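Heads up: the protein sequence lines correspond to chains A and B, in order.
For what it's worth, this note's numbering labels the leading residue of the first sequence as -17, then goes sequentially.
For what it's worth, this note's numbering labels the leading residue of the second sequence as 2, then goes sequentially.
Note that the Cβ used here is the ideal one computed from N, Cα and C, for glycine as well.
In this text the structure is predicted, and so the values were computed from the model without any measurement.
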Amino acid sequence: MNRVAPFFTEALANIPPDIKKQVDLSMGVSDRLADILKQKNMTQKDFAKAMGKTQAEVCRWLGGTHNFTFSTIAKISAFLGEDLITIVK
Amino acid sequence: MHKEILYTTNMAKARIQEVAQTDKAGLFTICFEGESYSEFQKFIVEHSDAYSKDLNIILSAIQHMLNTSGMLERYFRPEGKMSDGVCALPIETSKLRLYCVRVNDNILIAGNGGVKNTARYEQNEKLNGYVISLQKLDKAIKVALKKGTITIEGKTIEGIDNKNFDL
């Protein structure tokens, strides 16, 4: 970061690595989903309807801190024809 | 060097303090006159023991926004009125809420927050106070922008170091 107040630097340094990794993953998946919907010109409303979900649920998916199950990730990926996540082999 | 913008309200004087600045976004907070800690700082200190996991999730999310995505609207839940930029940064697994003013996709002003055990924040005196403060701040910012006494320059708020604002 270019400039950071000391209290914030300290707070960020105290975040356990597993929490940071968890949030990086959930926000990464959320961002990837948003990008795919944008590429496909699909609104949240249309996506929710097509997936048989409520708009509120899709909002949670896109909110950044949702704890996705593999089942949900697989369903979304299959529906959109795009991988939300990839596994390094 | 951290920038500060001073303004006054009928009820209290406060200033906007810079917390972090990156190539993607700027994070600010609010500090009331006479207080040593800013509102965001108080939020962190108050919840660092009993709600440490939830707090760390919120902080990690803000860090991601600063480093990667910016302060996108979909990360926040609208609070306050439709006409203001007051919002909450919620996390699904907890009732801990951080209230903010989202100025745009690149600038966030973090206020205070707490555990929301009621259906609406208005039903909690402490949380209601935090939201009202941010609503006043949002209004003050809009007036100052219209007058040209402060400006938004990219990912930061510019223009008025050591200047008072009267509401």
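Cβ-Cβ separation, Leu67/B to Ala21/B (assumed contact under 8 Å), whole Å: 6 Å
With Phe29/B as the anchor, note down where its alpha helix (DSSP H) starts and where it stops. Run containing Phe29/B: none in the alpha helix (DSSP H); it sits in the beta strand (DSSP E), Gly27 to Phe33.
Residue range of the unbroken alpha helix (DSSP H) whose run includes Gly130/B: Glu126 to Lys148
8 Å is my cut-off, CB to CB: does Met24/A come that close to chain D? Looking at the structure shown, chain D is missing, and the protein chains on hand are A and B.
Does Thr9/B come within less than 8 Å of chain A when only Cβ atoms are used? With a pLDDT of only 43 at Thr9/B, under the threshold of 50, the placement of this residue in the model should not be trusted; the figure read from the coordinates follows. Not one chain A Cβ lies under 8 Å of Thr9/B.
Specify the secondary structure class of Pro(-2)/A as computed by DSSP and reduced to three states. coil
Less than 8 Å between the beta carbons of Gln18/B and Phe33/B, yes or no? no
If you draw a straight line from the C-alpha of Lys96/B to the C-alpha of Ala16/A, how long is it? 25 Å
For a contact defined as C-beta to C-beta under 9 Å, what are the partners of Arg14/A on chain B? Ordered by position in chain B, no residue passes the 9 Å Cβ test against Arg14/A, which lies about 11 Å from the chain.
Return the CA-CA distance between Glu(-8)/A and Lys43/B, expressed in angstroms with no decimal places. 14 Å
Taking the Cβ atom as the reference point for each residue, do Tyr131/B and Asn113/B lie within a distance shorter than 8 Å? yes
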